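In the order they appear, the protein sequences are chains W and A.
Counting in my numbering, the first sequence runs from 1 upward without gaps.
Counting in my numbering, the second sequence runs from 1001 upward without gaps.
Glycine residues also receive a C-beta, built at the ideal position from the N, C-alpha and C atoms.
As the structure is a computational prediction, the values presented were derived from the model and not from experiment.
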Amino acid sequence: MAELKRESGVSKALNAAWVRPFLFLLFIVVVWDLTIRLFQIPAYQIPAPGDVVAVLWTDWPELLRQAWPTTYATICGFLLSAVFGIPVAMLIAGSKTVESYVYPLLVFSQSVPKIAIAPLFVVWFGFGIIPKVISAFLLGFFPVVVSAVQGFKSVDPDMVDLARAMQGSRFRVFCAVNLPHAMPAIFSGLKVSITLAVVGAVVGEFVGSNSGIGYVLQRSIGTFDLPTMFAALVILALLGVVLFWVVDRIERLVIPWHVSQRDDIIFAS
Amino acid sequence: MIRTIAAISAALIWTALSVLPASAADKVVLMLNWYVYGEHAPFYYGKAKGIYAAEGIDLEIQEGRGSAATTQAVAAKTANFGYVDVPTMMRAAVKGAPITATGVLLQTSPMSAMGFVEKNIKKPEDIKGKTVAITPADSMTQIWPLFLKKTGLKESDFQTVAGDGQTKLNAVINGQADLLLGYVMDQSMKIKDATGKDVNAIKFADYGINMVCSGIVANTEFVKANADLVKRFMSATTKAVEAAEKDAKGAAQSILDANPKGGKIETLTQGFELTIPLYRTPETKNKRPFQVTDQNMTDTVNLMVEYGGLDAKAKDNPKAFYTNDYLPQGGS
Chain W
1 MAELKRESGV
11 SKALNAAWVR
21 PFLFLLFIVV
31 VWDLTIRLFQ
41 IPAYQIPAPG
51 DVVAVLWTDW
61 PELLRQAWPT
71 TYATICGFLL
81 SAVFGIPVAM
91 LIAGSKTVES
101 YVYPLLVFSQ
111 SVPKIAIAPL
121 FVVWFGFGII
131 PKVISAFLLG
141 FFPVVVSAVQ
151 GFKSVDPDMV
161 DLARAMQGSR
171 FRVFCAVNLP
181 HAMPAIFSGL
191 KVSITLAVVG
201 AVVGEFVGSN
211 SGIGYVLQRS
221 IGTFDLPTMF
231 AALVILALLG
241 VVLFWVVDRI
251 ERLVIPWHVS
261 QRDDIIFAS
Chain A
1001 MIRTIAAISA
1011 ALIWTALSVL
1021 PASAADKVVL
1031 MLNWYVYGEH
1041 APFYYGKAKG
1051 IYAAEGIDLE
1061 IQEGRGSAAT
1071 TQAVAAKTAN
1081 FGYVDVPTMM
1091 RAAVKGAPIT
1101 ATGVLLQTSP
1111 MSAMGFVEKN
1121 IKKPEDIKGK
1131 TVAITPADSM
1141 TQIWPLFLKK
1151 TGLKESDFQT
1161 VAGDGQTKLN
1171 AVINGQADLL
1181 LGYVMDQSMK
1191 IKDATGKDVN
1201 AIKFADYGIN
1211 MVCSGIVANT
1221 EFVKANADLV
1231 KRFMSATTKA
1241 VEAAEKDAKG
1251 AAQSILDANP
1261 KGGKIETLTQ
1271 GFELTIPLYR
1281 TPETKNKRPF
1291 QVTDQNMTDT
1301 VNLMVEYGGL
1311 DAKAKDNPKA
1321 FYTNDYLPQG
1331 GS
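Set out below in structure tokens:
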């Protein structure tokens, strides 16, 4: 007879998904603090973790307020990447002609450093949210396309043939076979893309903005306010984590059947 | 076979090493405050004319990415000397950075609000209703509120757009902003290069903002350990500035010789010529460059504490931020 092993309270807590990374983070912070004390590193080079936490504690309303424009630009840019990236990937995967024309240029464009052309976006589109959204879109576009192309190309042709042999129209076959098969790869691309979209939004803010975490970063660098600068970096990292988690949850809803979504069940006899 | 090659290479290297002079000149790295523009001419001129070499210095000039970044590099000893906005350096020094100014060159501020001549913005009142491009927390934006106070303007009188250095330039060139905050000899010349049109600058110094600007800074431990080198460097730099003052075009040309993409000769010359009057105040009219008065420095510190967000404890000892001890005396 199979029985579920009873876990003790502590090991249950340790197995909770968020506890382990949190403990590791705590470990890193302790090492950081010890390093500063041991090597007498001055405050203007690296801030002590205590100072960063103090800034986060006292300034969190302001930081939260500044985080909204960045989040908004990130999400808009990311949605654009998804909305444009997946159809482009379908075209590339579906047609060798399109692939031979478009794909190499796409790779070429990826190597252009976005921070160098970001000022041009401000020239073309003015100051405001648009340059930030475009910057986030450009950074997030490539991973979506590459993963989606991979996903669409890895569909089993025998399955497609079988469905078509059963008188499935091209569209219905696509919805029932091609798309679900490509979903896992698409989602992995989306997860990479959302973290890059955060970077893109901040690059856009550096170049031309009156608000956002990028603006806070720029301001704190100019006044040698390292604790605030690191606090802003922490907020950005948290933003990336939260958005990644959201995409992960959506993945769970959309492709619950995929092998990567199965939980481990421990049996002991 | 391999052993033969190794032996021959070793012999060649040994010969090469033995041919080198026994005592080479001191290698010195000077990091500028920004990408090169007219204000930096004396350093390139001094290097080209052998003024630094005559003092036994092999000078390498690196372009910087803002006074704040260069200040940090010098405090961390990544560069031996920096050429930065001294009030920005004070901000770092008061937070404990081991850095001091060994010579203050621009004793009058070049900070200004500038825009195309054709926009006819000549007096502070003309700024009302216009759009001003700033970079958050750079040296000019920190003093901007004081300029507004001195000229009776309010933040609500005009629009502000924010961006980095390149964005500010693009904004004015493309008409997205009417004015930008910059140094009178830097952005104005870049805009003229790009559009061929003249730029008018409303100087902060004309409205009662008396503070110093660029100077040579160095790590305090480096200065103590290399007092002789610092003296030689400041002596060479003083001579280089004096020589460049007499030959503005030649000085500008030396920038282009070292850095062919550094700008155009006409605007680099014009930029440098705009810098020269800033070297002295009425009190130091007849003195050599870098001989800043204690009063000027104290005024600057007081201004920075009141309006620049500098920590109030800076007022206790303004002399901690600079030293004239390494400057050449008299006419040497």
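By the rule that beta-carbons nearer than 8 Å mark a contact, A:Lys-1203 does not touch chain W. Within the stretch 102-170 of chain W, the alpha helix (DSSP H) runs of at least 4 residues that lie entirely inside it are, in chain order, 114-125, 129-153 and 157-165.
Judged by pairs of C-beta atoms under 8 Å, the stretch 1176-1195 of chain A does not touch the stretch 1088-1095 of chain A, as fewer than three such pairs exist. Taking all protein chains shown into account, A:Glu-1039 has 16 or more neighbouring C-beta atoms within 10 Å of its C-beta and is therefore buried.
The beta-carbon distance between A:Ala-1068 and A:Ala-1025, rounded to whole angstroms, is 31 Å. This is too long to meet the 8 Å contact definition. Closest by C-alpha distance to A:Lys-1231, out of A:Thr-1071, A:Gln-1329, A:Ser-1112 and A:Thr-1088, is A:Gln-1329. Taking a contact as a CB-CB distance under 8 Å, the pair A:Val-1212 and A:Val-1084 does not count as one, their CB atoms being some 11 Å apart. Counting the other Cβ atoms within 10 Å of the Cβ of W:Leu-34 gives fewer than 16, which makes it exposed. Taken through DSSP and simplified to helix, strand or coil, A:Gln-1159 comes out as strand. A:Trp-1034 and A:Leu-1274 have their alpha carbons spaced roughly 17 Å apart. Taking the Cα positions, A:Glu-1155 is about 8 Å away from A:Leu-1148. Chain-ordered, the chain A residues with CB closer than 9 Å to the CB of W:Pro-42 read Ala-1075, Lys-1095, Gly-1096, Ala-1097 and Pro-1098. By the criterion of a C-beta distance shorter than 8 Å, W:Val-122 is surrounded in its chain by Pro-131, Val-207 and Gly-208, once the five residues flanking it on both sides are discounted. Contact note: A:Asn-1170 reaches chain W through Pro-119, Val-122 and Val-123, using a C-beta cutoff of 7 Å and chain order. Secondary structure at A:Gln-1062: strand, using DSSP grouped into helix, strand and coil.
For chain A, the residues of the stretch 190-212 of chain W that bring a beta carbon within less than 8 Å of one of its beta carbons are Phe-206, Val-207, Gly-208, Ser-209 and Asn-210, in chain order.
The continuous beta strand (DSSP E) containing A:Ile-1216 extends over residues 1214-1219.
Residue contact with chain W for A:Gly-1309: present (Cβ-Cβ distance below 8 Å to some residue of chain W). W:Ile-186 and W:Val-149 have their C-alpha atoms spaced approximately 8 Å apart.
The beta carbon of A:Arg-1091 sits closer than 8 Å to some beta carbon of chain W.
Interface with chain W (8 Å Cβ-Cβ cutoff): A:Val-1161 is included.
By DSSP's assignment, W:Asn-178 forms no beta bridge with any residue.
Pro-1136, Ala-1137 and Asp-1138: these are the residues of the stretch 1132-1147 of chain A whose beta carbon lies less than 7 Å from some beta carbon of chain W, given in chain order.
Chain order gives the chain A residues near W:Gly-126 as Gln-1176, where near means a beta carbon separation below 7 Å. Rounded to the nearest angstrom, the gap between the Cα atoms of A:Ala-1075 and W:Val-192 is 38 Å. The Cβ of A:Gln-1166 sits closer than 8 Å to at least one Cβ of chain W. With a threshold of 8 Å between beta carbons, W:Ile-235 makes no contact with chain A.
As DSSP reads the structure, A:Met-1031 sits in a beta bridge with A:Gln-1062 and A:Gly-1082. With its beta carbon less than 8 Å from one in chain A, W:Arg-219 belongs to the interface.
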